[in-house]
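Single-structure report; data block below.
There are 2 protein chains.
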Amino acid sequence: MRSQSTPGRESTTIERVAEQAGVSAKTVSRVINNEPGVRAETRERVLAAIERLDYQPNLAARGLAGARSFLIGLFYDKPGDYLSEFQTGAVQRCRESNLHLMVEPLEAASPDLSGAVSRLIRQLRLEGVILLPPLSDLPAVHSALEHAGIPAVDIAPMRRRRDAPSVDTDDRAAARQLTLELIGRGHRRIAFMLGRAGHRATEQRYLGFSDAMQAHGLTVDPQLVQSGNFEFAEGLECARRFLNAAERPSAIFASNDDMAAAAVCAARQMGLALPEQLSITGFDDAPVATMIWPQLTTVRQPVRAIGRIAAELIIQHKPHQRGWPQPVPRPHLDLELIVRGSIAPAPPRKT
Amino acid sequence: MRSQSTPGRESTTIERVAEQAGVSAKTVSRVINNEPGVRAETRERVLAAIERLDYQPNLAARGLAGARSFLIGLFYDKPGDYLSEFQTGAVQRCRESNLHLMVEPLEAASPDLSGAVSRLIRQLRLEGVILLPPLSDLPAVHSALEHAGIPAVDIAPMRRRRDAPSVDTDDRAAARQLTLELIGRGHRRIAFMLGRAGHRATEQRYLGFSDAMQAHGLTVDPQLVQSGNFEFAEGLECARRFLNAAERPSAIFASNDDMAAAAVCAARQMGLALPEQLSITGFDDAPVATMIWPQLTTVRQPVRAIGRIAAELIIQHKPHQRGWPQPVPRPHLDLELIVRGSIAPAPPRKT
DNA sequence: AATTCAATTGTCAACGCTGTCAATCGACCC
DNA sequence: GGGTCGATTGACAGCGTTGACAATTGAATT
């Protein structure tokens, strides 16, 4: 035998299982891969042997010999709370199919993005890739992946690609609903804080807001639509501008919770009573939503579920069909409106 | 040739590079692995060929043929903001050595924890594993790893294992320093909110607090030391108990920012002016620290750097030396005290 | 009983690389 | 000129699994 570096660690091979079960290695392989054409009784016997020997197939060997690699890539740009939540969902789904997730941070702004992607996929032979925004909108990434013939799932992309699956939630509908909560409480003059440009969420949330306002014949004051870039700091500035406007809004709809938290701070610093004098809504149900007072009315994103579905889409994709079937899967996910203390009936209008 | 499932995707092999460079495959392998005993000129030639052909060695093949797998595992229990930050640091370091990180969530409470660990390492042949708390303190995990002869780095473990490396920060010193900031502002009656039991941070932060109090001859009222379990909700309860105490503390030291945010909420609901009537400190410099008003005085954890170092330790570990060298590496990391608006001089004492 | 055919199982090579060990090279020495 | 020795390089056999294809089995059919 060849000297193994890890002393004494001979792990069971498929050969040993075959011996135990009294079949050939190939048959064991068939059982492992759930291939058809194995008699039930034989399958049982093999399964028992696997169990008895506590056999685990070697991933590297499977990857080398076969067409599959059992590896899925998760490419992201910036870390964040939602990332770990998302990846946990994705890993869960992977486990059910004996796949593994390789997380790879990628500089969205890097000049050699497509080179980096190309190197990764050739090195790892990924079976598929999940792209988190803003990577899900970068042509450099898409083309490298497509060139290699590797299926990719876009998460919340700005523009859906033809023949490519994506996972996203109906932010527009949720934003509409959230806005209706404000309108229903008598708010008429509502400020809207936009997110970062180039994100689907930014666009959709504004559209939903707009829908609701229009449906009620309310006009949106352009001065009350400004960007906070999804960041607390910029949200703070933005909120101050809103609150110093000639005619103060009675509510602020922030496109994410961080900015909503900023609005809370700004309002408090100006001595406004919350939520009596100003209603505030956020989006995402981020940790901060319940760590401030008043707690934010917001929309919960099923982040873990989205991760799970993204993995599911890759897994469902049949390797031999290059490209995706028509129609491309478009799973639907429901958002949950969460009403908390940060909104209240609009104060009586000063004449 | 054997039919590849990915049509037309013939990636360059080591053989092709060898041909280009006019050497044998083995020599190319030597260059790739930085093995000694290759003439400089030859090395150049091979490197040039690799460059020209844009060759990427196949990970599965390397893993199968050689003693290494080029895979490091990151085992965690619960996702969270710090996880994605940590893993990003770890991946960065891995990249520099052409390694990859496999993230694997593991149920700390699972009855078959050691089985799960054992299956993972046999399937993946991990070169090393990074254990995030609380996994870094579970004997089931350690023993499975040790049994397989796989090096593991414990992150912030409660008890350091003999002959096993760990990465942690000097929370005790930082907590001491933070407490001194309070004492220096005249605070004498300070409440301490503990974290979750079984975490090193919980223990060390309290000790640091205790150190500082003792150094100044201040007594710690046992009624003012209670646990908020590192969670906002429980922190809220805990803060209320502190603030309703017969003699109210003039400051609260919360063991993390989430609980500090809870203290802020609790105080505000009781109508206290912050920070004039109550100073509050947190720990970690979590996102919430700067998203509330007043912003939290806290301690920044170099999370990404810790991740990087954890990977470094695994990488430095020489595979042929089973176990770790004496003395086991104990890298030192500095914490950064960040003074923000949540602390102020103690109000004059009533009497 | 011979034939047929689908179902089941096995044989063998190959996946792309590295470990082992042998071969070659070239400088240096007697 | 031949010999010696360390430095380089190469030949070759796997690593553990799966793909292609051949072999075997056994029930149904003639």
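Chains as they are written, first to last, in the numbering used here: chain A, 1 to 351; chain B, 1 to 351.
Backbone N, C-alpha and C define an ideal beta-carbon position, used for all residues, glycine too.
Proximity to residue i [Cα-Cα], best of the options
i                      : options                    : result
residue 196 of chain B : B:258, B:139, B:277        : B:258
residue 262 of chain A : A:212, A:304, A:223, A:342 : A:342
residue 125 of chain B : B:81, B:294, B:72, B:88    : B:72
residue 285 of chain B : B:54, B:44, B:302, B:270   : B:302
residue 346 of chain A : A:120, A:166, A:181, A:169 : A:181
residue 203 of chain A : A:217, A:245, A:183, A:230 : A:230
residue 243 of chain A : A:218, A:189, A:291        : A:189
residue 52 of chain B  : B:314, B:19, B:200, B:143  : B:19
residue 104 of chain B : B:97, B:141, B:95          : B:141
residue 64 of chain B  : B:123, B:101, B:44, B:31   : B:123
residue 32 of chain A  : A:84, A:97, A:82           : A:97
residue 69 of chain A  : A:79, A:102, A:54          : A:102
residue 194 of chain B : B:235, B:186, B:168, B:167 : B:235
residue 187 of chain B : B:213, B:200, B:266        : B:213
residue 290 of chain A : B:315, B:264, B:166        : B:264
residue 156 of chain A : A:169, A:164, A:149, A:150 : A:169
residue 248 of chain B : B:80, B:272, B:228         : B:272
residue 313 of chain B : B:222, B:152, B:226        : B:152
residue 167 of chain A : A:268, A:222, A:305, A:221 : A:305
residue 225 of chain B : B:233, B:232, B:245        : B:245
Buried versus exposed, by CB contacts within 10 Å (16 or more), residue i
i                      : result
residue 93 of chain A  : buried
residue 35 of chain B  : exposed
residue 1 of chain B   : Bear in mind that the predicted position of residue 1 of chain B carries a pLDDT of just 37, short of 50, making it too unreliable to give a figure here.
residue 154 of chain B : buried
residue 147 of chain A : exposed
residue 48 of chain A  : exposed
residue 339 of chain A : exposed
residue 297 of chain B : buried
residue 111 of chain A : exposed
residue 349 of chain A : exposed
residue 5 of chain B   : At residue 5 of chain B, the pLDDT of 40 sits below 50, so the modelled position is not reliable and the matter cannot be decided from this model.
residue 127 of chain A : buried
residue 144 of chain A : buried
residue 216 of chain A : exposed
residue 14 of chain A  : buried
residue 354 of chain A : Since the first and last residues shown for chain A are 1 and 351, residue 354 of chain A lies out of range.
residue 79 of chain B  : buried
Partner residues on chain A for residue i, Cβ-Cβ distance less than 9 Å
i                      : result
residue 282 of chain B : Residues of chain A passing the Cβ test: none, with the nearest at roughly 11 Å.
residue 352 of chain B : A question about residue 352 of chain B goes unanswered here, because the residues of chain B that appear run from 1 up to 351.
residue 258 of chain B : 287, 291
residue 17 of chain B  : Those within 9 Å of residue 17 of chain B in chain A number zero; the least Cβ separation is about 13 Å.
residue 91 of chain B  : 103, 104, 105
Cross-chain neighbours of residue i in chain A, by beta carbon under 7 Å
i                      : result
residue 268 of chain B : 293
8 Å Cβ cut-off: residues of chain B touching residue i
i                      : result
residue 88 of chain A  : 79, 105
residue 271 of chain A : Within 8 Å Cβ-Cβ: nothing; residue 271 of chain A doesn't reach chain B, min ~12 Å.
residue 85 of chain A  : 79
residue 134 of chain A : Correct list: empty, because the minimum Cβ distance to chain B is about 16 Å.
residue 57 of chain A  : 123
Contacts that residue i makes with chain B (C-beta to C-beta distance below 9 Å)
i                      : result
residue 242 of chain A : None at all; the shortest Cβ gap to chain B is about 17 Å.
residue 20 of chain A  : Here the premise fails: no neighbours, minimum Cβ distance about 17 Å.
Interface partners of residue i on chain A, CB under 8 Å
i                      : result
residue 102 of chain B : 100, 101, 102
residue 265 of chain B : 291, 292, 293
residue 11 of chain B  : 122
beta-carbon residue i near the ligand SAM non-hydrogen atom, thresh 7 Å
i                      : result
residue 159 of chain B : Among the ligands in the structure shown, none appear at all, so the ligand SAM cannot be discussed.
Chain-ordered chain B contacts of residue i [CB-CB under 7 Å]
i                     : result
residue 63 of chain A : 60
query: Does the region 334 to 342 of chain A come close enough to the region 167 to 175 of chain A that 3 or more CB-CB pairs lie under 8 Å?
result: Touching, yes.
field: Any alpha helix (DSSP H) of 4 or more consecutive residues that is wholly inside the region 172 to 228 of chain A
entry: DSSP runs (the alpha helix (DSSP H)) wholly in the region 172 to 228 of chain A: 200 to 215.
- request: Count the CB pairs spanning the region 230 to 242 of chain A and the region 306 to 319 of chain A that are closer than 8 Å, and state whether there are at least three.
  value: A contact is defined here as three or more CB-CB pairs under 8 Å, and the region 230 to 242 of chain A fails this definition with respect to the region 306 to 319 of chain A.
message: Three Cβ pairs or more, each shorter than 8 Å: is that satisfied between the region 175 to 184 of chain B and the region 208 to 215 of chain B?
response: Contact between the region 175 to 184 of chain B and the region 208 to 215 of chain B is present, because at least three Cβ pairs lie under 8 Å.
- prompt: Should the region 144 to 164 of chain A be called in touch with the region 266 to 278 of chain A, which here means at least 3 C-beta pairs below 8 Å?
  reply: Contact between the region 144 to 164 of chain A and the region 266 to 278 of chain A is absent, because fewer than three Cβ pairs lie under 8 Å.
message: Taking 8 Å as the cut-off, does the region 248 to 256 of chain A touch the region 281 to 288 of chain A (at least 3 CB pairs, one atom from each stretch)?
response: Because the criterion of three Cβ pairs below 8 Å is met, the region 281 to 288 of chain A and the region 248 to 256 of chain A touch.
field: Contained alpha helix (DSSP H) runs [length at least 4] in the region 266 to 320 of chain B, N- to C-terminal order
entry: 303 to 316, all fully within the region 266 to 320 of chain B.
message: Which runs of the beta strand (DSSP E) at least 3 residues long sit entirely within the region 93 to 165 of chain B? Give them in chain order.
response: Whole beta strand (DSSP E) segments, 3+ residues: 100 to 105, 128 to 131, 152 to 155.
task: Would you be able to state if there are at least three C-beta pairs under 8 Å between the region 54 to 63 of chain A and the region 81 to 92 of chain A?
output: Fewer than three pairs of CB atoms, one per stretch, sit closer than 8 Å, so the region 81 to 92 of chain A makes no contact with the region 54 to 63 of chain A.
query: How about the region 121 to 137 of chain A and the region 66 to 82 of chain A: do they share at least three Cβ pairs that are nearer than 8 Å?
result: Yes, the region 121 to 137 of chain A is in contact with the region 66 to 82 of chain A.
- prompt: For the region 15 to 78 of chain A, which segments carrying the beta strand (DSSP E) assignment without a break, of at least 3 residues, lie completely within its bounds, in sequence order?
  reply: Within the region 15 to 78 of chain A, the complete beta strand (DSSP E) runs of at least 3 residues are 71 to 76.
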